[in-house]
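To start, the structure under review is shown below, and the notes come after it.
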Amino acid sequence: MDENLKREIWAFMDEHRARALWWMPSDYYPQNVEQARDVLRAIARRCTRDAWIRTRQLMQRLASQ
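Count the sequence shown with our numbering and you get residues 937 to 1001, in order.
Here it is as structure tokens:
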């Protein structure tokens, strides 16, 4: 996974951790594409419309990796 994309996903996770990822350890960050997809899917299921749109954009970028 590209380092810039990884940092962007990690920052996005931090923004949505309390609402969408409350069950994950606070120090967990995905290290590969599959883990990142799992995290983004979890956020998409539990977030606002704007965050859902952002998860789709990030998933598209992951697909091109």
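Glycine residues also receive a C-beta, built at the ideal position from the N, C-alpha and C atoms.
- Item | Buried or exposed (CB count within 10 angstroms, at least 16 for buried), T991 | The residue given as residue 991 occupies position 55 in the sequence shown. It is buried - the Cβ of T991 has at least 16 other Cβ atoms within 10 Å.
- Message: Looking only at its chain, what residues have a beta carbon closer than 7 Å to the beta carbon of A980, apart from the 5 residues adjacent to it on each side?
- Response: Stepping through the sequence shown from its first residue, residue 980 is reached at position 44. Here the set comprises W988 and T991.
- Message: Given this structure, state the Cα-to-Cα distance separating E960 from A999, to the nearest angstrom.
- Response: One-based indexing of the sequence shown puts residue 960 at position 24. One-based indexing of the sequence shown puts residue 999 at position 63. Here residue 960 turns out to be Met, not Glu, going by the sequence shown. Answer to the nearest angstrom: the Cα atoms are 24 Å apart.
- Message: What residue range does the alpha helix (DSSP H) around T991 cover?
- Response: Here the question's residue 991 lines up with position 55 in the sequence shown. From DSSP, the alpha helix (DSSP H) with T991 extends over R985 to A999.
- Task: Kindly indicate which residue of Q1001, D938, M949 and R943 has the alpha-carbon position closest to the one of D974.
- Result: On the sequence shown, position 38 is the one that residue 974 refers to. When each option's Cα is compared against that of D974, the closest is M949.
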